[in-house]
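Just remember that the working numbering sits 365 ahead of the position in the sequence shown, which is counted from 1.
Report on one structure; see the data block that follows.
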Amino acid sequence: MKNKKIIAYKNEQIKNIAFNLRILIRMAIMQEWSRLGNKKREKNKSQTERIRIENMRSNLFRALEASICECPGCNQTGRDMVYNAPLRGWYCTLCSQGYRDFYYKNEAILDQGGFVGDFNEDFHRTFL
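Given below as C-alpha cells:
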C-alpha cells in the first residue's frame, strides 16, 4: 500500500457533510460545463472563441475526474476514497478492491499459462 491515502469517515455526520459537498461541487462543475456548452453553440462565436470555450470545458471535466469528488471507475460520489499515486487519481474503495481482485485473478491465470485477453497489468498493479 505504498503511496496510498485512504479517506474514510468514522463519524456519520461528517461523512454526510463530506459526501454532500462532493455532490455540490460536482453539480457546480457540471452546471458550468453545460453553460459553456450553450455559450459555444451561440451563432456569433468565432472558431477561435469556440476552441477556447471547449478547452475550458475540457479543463473542468479533467479537474472533476482528478478530484476526490468522483470515482473515475464508477462515477460514484458517496463512497470512501483511496488515492492512487501512480495514476494521480482518487478511486472509491470498492473499485480499488475490484481492480486488485481482478489483478490477482488474472495473474493466477497467466501463471498457469492461460490467456486473459485485454488485461492491462500495469494499470491494475497500481492498486496493489
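Beta carbons are placed, not taken as given, at the ideal position from N, Cα and C, and that holds for glycine.
Predicted, not measured: the structure shown is a model, and the values here were computed from it.
Helix, strand or coil at residue i according to DSSP, with G and I counted as helix
{"i": "R454", "result": "First, the amino acid is wrong: residue 454 is Gly here, not Arg. Strand."}
{"i": "Y374", "result": "coil"}
{"i": "K410", "result": "coil"}
{"i": "N449", "result": "strand"}
{"i": "R490", "result": "helix"}
{"i": "L475", "result": "helix"}
Residue from the options with nearest C-alpha to residue i
{"i": "C460", "options": "K375, G443, K380 and A473", "result": "G443"}
{"i": "E472", "options": "I418, W398, H489 and I382", "result": "H489"}
{"i": "T458", "options": "E435, I474 and G478", "result": "E435"}
{"i": "A393", "options": "L425, F484 and W455", "result": "L425"}
{"i": "M421", "options": "P437, D445 and L401", "result": "L401"}
{"i": "N440", "options": "R391, N381 and K380", "result": "R391"}
{"i": "I433", "options": "F384, F484 and N376", "result": "F384"}
Neighbourhood of residue i by C-beta distance below 7 Å, restricted to the same chain and skipping five residues each side
{"i": "F492", "result": "N449, S461, Y464, R465 and Y468"}
{"i": "L475", "result": "V481"}
{"i": "E419", "result": "K405"}
{"i": "L452", "result": "T491"}
Check: residue i C-beta below 6 Å from any heavy atom of the ligand COA
{"i": "R453", "result": "Among the ligands in the structure shown, none appear at all, so the ligand COA cannot be discussed."}
Contact belief for residue i with residue j at Cβ below 8 Å, rounded distance in angstroms
{"i": "M446", "j": "I382", "result": "That pair is no contact at about 15 Å."}
Residues near residue i by beta carbon distance below 6 Å, same chain, minus five either side
{"i": "W455", "result": "I433, M446 and Y448"}
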